[in-house]
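With the working numbering as the guide, the letters of the sequence shown map in order to residues 35 to 184.
From the three backbone atoms N, C-alpha and C, an ideal C-beta is built for every residue, glycine too.
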Amino acid sequence: MFNYISPPQIVLQEVPSEISLLFTITGCRLNCLGCHSPEIQNAKFGTPLSCEIFTQWIDKYQALISCVVFFGGEWQSQRLIELLKISQGYKLKTCLYTGKEKVSQAIIAHLDYLKLGPWVESLGGLESSNTNQRMFNVKTGELLNVRFLR
């Protein structure tokens, strides 16, 4: 199952200069200490996200968004890539937030933005200058962390 927390959210802060439709995918196995959403560790939590349902969400919001963000999903790379390709077909930018240090080139080939690194509470998130997490523009290689600092 490729489940998500329904409904997806429209967000403004996850990707600089983009209005994004955010899909939180369940089944994360990283078990980061202090995880903001421990329920997403349960792969059975949430609602199945088929290509058809995903397309319905994109159709509903395409006039309002410029990007699609996935919180997780890289553990089911084939389905994630399918959804990234659908997003690209709508001329939307794509982003993956992962707690991993790296993801496959097969996934990266379909991304515009990539956030890497596990949550470490003592280091903070992207808004912290001490964070271990990194946000990249995949197309240019630019590190975007400075755009999150407060």
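{"query": "Cβ separation of residue 103 and residue 176, assumed to be a contact under 8 angstroms, to the nearest whole Å", "result": "About 18 angstroms; that fails the 8 angstroms criterion."}
{"query": "Range covered by the beta strand (DSSP E) that runs through residue 182", "result": "Neither: residue 182 is in no beta strand (DSSP E) and is coded neither H nor E."}
{"query": "Residues near residue 60 by beta carbon distance below 8 angstroms, same chain, minus five either side", "result": "37, 38, 39, 73, 74, 75, 76, 77, 78, 79, 80 and 106"}
{"query": "Whole-angstrom distance between residue 63 and residue 153, CA atom to CA atom", "result": "13 angstroms"}
{"query": "Inter-residue CB distance, residue 132 and residue 118 (contact presumed, cutoff 8 angstroms)", "result": "No, residue 132 and residue 118 are not in contact; Cβ-Cβ is about 13 angstroms, not under 8 angstroms."}
{"query": "Cross-strand partners of residue 56 (DSSP beta bridge)", "result": "43 and 103"}
{"query": "In DSSP terms, what residue 129 is bridged to", "result": "103 and 147"}
{"query": "Paired residues, beta bridge with residue 81 - DSSP", "result": "38"}
{"query": "Residue 168 in three-state terms, based on DSSP", "result": "strand"}
{"query": "Straight-line Cα distance separating residue 173 from residue 143", "result": "9 angstroms"}
{"query": "Close beta carbons around residue 109, own chain, < 7 angstroms, minus the five adjacent residues each side", "result": "61 and 63"}
{"query": "Distance cut-off 7 angstroms: residue 52 Cβ against heavy atoms of the ligand FMN", "result": "With respect to the ligand FMN, the structure offers nothing, as it holds no ligand at all."}
{"query": "Under the three-state DSSP convention, the category residue 174 falls into", "result": "coil"}
{"query": "Burial state of residue 156, where buried means 16 or more other Cβ atoms lie within 10 Å", "result": "exposed"}
{"query": "Own chain, CB closer than 8 angstroms to residue 101, minus 5 neighbours either side, in chain order", "result": "49, 52, 53, 54, 55, 126, 127, 128, 129, 146 and 147"}
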